[in-house]
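Chains as they are written, first to last, in my numbering: chain D, 110 to 146; chain U, 38 to 420.
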Amino acid sequence: MMSRVEGIPPAEVRIGLRVKARIATIDGAPQVVFDPA
Amino acid sequence: MARALKGKVAVVGIGTAGMGEAPGRSAIELLAEAALAALDDAGLSLAEVDGLFAATSVHAFPTLSVGEYLGIRPRFFDGTNVGGSSFEAHLLHAAIALEAGFCDVALIAYGSNQRTAGGKFVSFSEPYAWEAPYKPRVPLTAYALAASRHMHVYGTTREMLAEVAVAARAWANLNPQAFAKGPLTIEDVLASRMVSDPLTVLDCCLVTDGAAACVLTRADRARDLRKPPVYYLGAAGAQWHRAISSMPDLTITAAAESGPRALAHAGVSIGDVNLAMLYDAFTINTILFLEDLGFCPKGEGGRFVQGGAIAPGGKLAVNTNGGGLSCVHPGMYGLFLIVEAVTQLRGEAGERQVRPCDIALVHGNGGALSSQVTAILGSARTV
Chain D
110 MMSRVEGIPP AEVRIGLRVK ARIATIDGAP QVVFDPA
Chain U
38 MARALKGKVA VVGIGTAGMG EAPGRSAIEL LAEAALAALD DAGLSLAEVD GLFAATSVHA
98 FPTLSVGEYL GIRPRFFDGT NVGGSSFEAH LLHAAIALEA GFCDVALIAY GSNQRTAGGK
158 FVSFSEPYAW EAPYKPRVPL TAYALAASRH MHVYGTTREM LAEVAVAARA WANLNPQAFA
218 KGPLTIEDVL ASRMVSDPLT VLDCCLVTDG AAACVLTRAD RARDLRKPPV YYLGAAGAQW
278 HRAISSMPDL TITAAAESGP RALAHAGVSI GDVNLAMLYD AFTINTILFL EDLGFCPKGE
338 GGRFVQGGAI APGGKLAVNT NGGGLSCVHP GMYGLFLIVE AVTQLRGEAG ERQVRPCDIA
398 LVHGNGGALS SQVTAILGSA RTV
């Protein structure tokens, strides 16, 4: 799936980073995004 | 069965127009200029064209628009659009149509004025519902994801990616038609503007104007035309996904299927290939296709290109026109791969001529590493 990691500078996102899913509202619709765990 | 097409048809004419910048000319005007140049190269007239193959970024019904503009009434036509690989697919479809007698003179043509018309990548690709909310920079994001994964799994480095751009520039410096010229180092690529991590602007193809065309006939007629025929030996396409988020493995493209099938149809092995024309929309493409087509093992593409291995004088001639990275990339680039392969197989490439050059592998890519179409072309010595 495509999503994105929020709550962290983009340059610090790494493959293997532990994350936790969250339902965010994007353009008025619910979408899955991730935060660092 | 598909092998029955080997040597039965040939490319007899090639043409280009508006390479780089062509201010004031429309996409279809450029396409028509290239078509007429290709027909002149073959010594054929527009009135003889009865098979028309076209795809563009700006025409919903390309064979209708192109046929009308050229004033022809083709009895066979195909507007298959699989992005930049459309023209390798057209090559296969034209070979089938010619051999089956559906047409006698096939014209494949493309044109774009995307640079002078706006300077941005032009695409009418529909947004993908499961990706669009996250606002990916299409197609950049897709290729950056593949590059990141390749680096993570196989230890490929940004320096290895940069080596692909440096090799392309070295070839472009030998090509009078190339748009981007001048010295380029690995350090230059690494230091250029980051546009989608890990890809810098110099890891990305050019945004140019340009048009290209080629003409095919059956082999019996090809022998009597103006230029030495370049024979169709085999071709195959494969597609495993549409959107990058549906790609089964970000490091393996469907070239792993299209390449072996095309080689089998042609009855040649990868070691027989003198020239590899690989669709290099981004530096990661060349590395992925070198692996998936079998020039090196999976994961070794980055190390394969190091030390100038695909630059002039290297161990494998790759993208000798300078590629999409440094020669020309007007939205969809696949037809320019064919033009360069034919130029090389005829021995008309001047300072960048590959010797010997009897078998060329042409590999088109479309979408987000989605459509993969491989074609094998050969000189008269191969049939």
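Where a beta carbon is used, it is the ideal one built from N, C-alpha and C, also for glycine.
Asked, Found
"Near-chain D residues of the segment 57-68 of chain U (beta-carbon distance less than 8 Å), N- to C-terminal order", "none"
"DSSP state of His366 (chain U) mapped onto helix, strand, coil", "coil"
"Local Cβ density within 10 Å of Ile132 (chain D), reported as buried at 16 or more and exposed below that", "exposed"
"Any C-beta of chain U under 9 Å from that of Arg113 (chain D)", "yes"
"Below-9 Å beta-carbon distance, Arg186 (chain U) vs any chain D residue", "yes"
"Per-residue contacts from Ala146 (chain D) into chain U (C-beta, under 9 Å)", "Here the premise fails: no neighbours, minimum Cβ distance about 19 Å."
"CA-to-CA distance, Gly351 (chain U) to Leu327 (chain U), given in whole angstroms", "14 Å"
"Cβ-based neighbour list, Leu210 (chain U), same chain, cut-off 7 Å, excluding 5 preceding and 5 following", "Checking the displayed sequence, the identity of residue 210 (chain U) turns out to be Asn instead of Leu. Within the same chain, Asn210 (chain U) has close Cβ partners Lys218."
"Inter-residue CB distance, Asp317 (chain U) and Val201 (chain U) (contact presumed, cutoff 8 Å)", "7 Å"
"Three-state secondary structure (DSSP) of Ile307 (chain U)", "helix"
"Beta-carbon gap between Ala417 (chain U) and Gly401 (chain U) smaller than 9 Å", "no"
"Within 9 Å, strictly: CB atoms of Ser162 (chain U) and Val95 (chain U)", "no"
"Beta-ladder partner(s) of Met314 (chain U), from DSSP", "U:Val399"
"Chain-ordered neighbours of Trp167 (chain U) on chain D, where CB pairs are closer than 8 Å", "Met110 and Met111"
"At least 3 beta-carbon pairs within less than 8 Å: the segment 362-370 of chain U vs the segment 111-128 of chain U", "yes"
"Residue from U:Met231, U:Ala313 and U:Arg298 with nearest C-alpha to Val399 (chain U)", "U:Ala313"
"4-residue-minimum alpha helix (DSSP H) runs that sit fully inside the segment 149-219 of chain U, ordered along the chain", "151-154, 177-191 and 195-209"
"Opposing strand residues paired with Met231 (chain U) [DSSP bridges]", "U:Thr237"
"Residue of U:Ala41, U:Val49 and U:Ala64 minimising C-alpha distance to Gly247 (chain U)", "U:Ala64"
"Selected residue, minimal CA-CA separation from Val86 (chain U), among U:Ala92, U:Ala71, U:Ile109 and U:Leu68", "U:Ile109"
"Every unbroken beta strand (DSSP E) inside the segment 66-113 of chain U [3 residues or more]", "88-91"
"6 Å CB neighbourhood of Gly338 (chain U) in its chain, flanking five on each side removed", "Ile324, Leu327 and Glu328"
"Closer than 8 Å at the beta carbon, the chain D residues around Tyr191 (chain U)", "Neighbours of Tyr191 (chain U) on chain D: none; closest Cβ ~12 Å, over 8 Å."
"Which of helix, strand or coil DSSP assigns to Asp136 (chain D)", "coil"
"Host beta strand (DSSP E) of Gln409 (chain U) (start-end)", "Ser408 to Gly415"
"Sequence-distant residues of its chain with Cβ nearer than 8 Å to Thr138 (chain U) (five each side left out)", "The displayed chain sequence assigns Gly, not Thr, to residue 138 (chain U). If we look at Gly138 (chain U) and ignore the five residues flanking it on each side, it has no Cβ neighbours."
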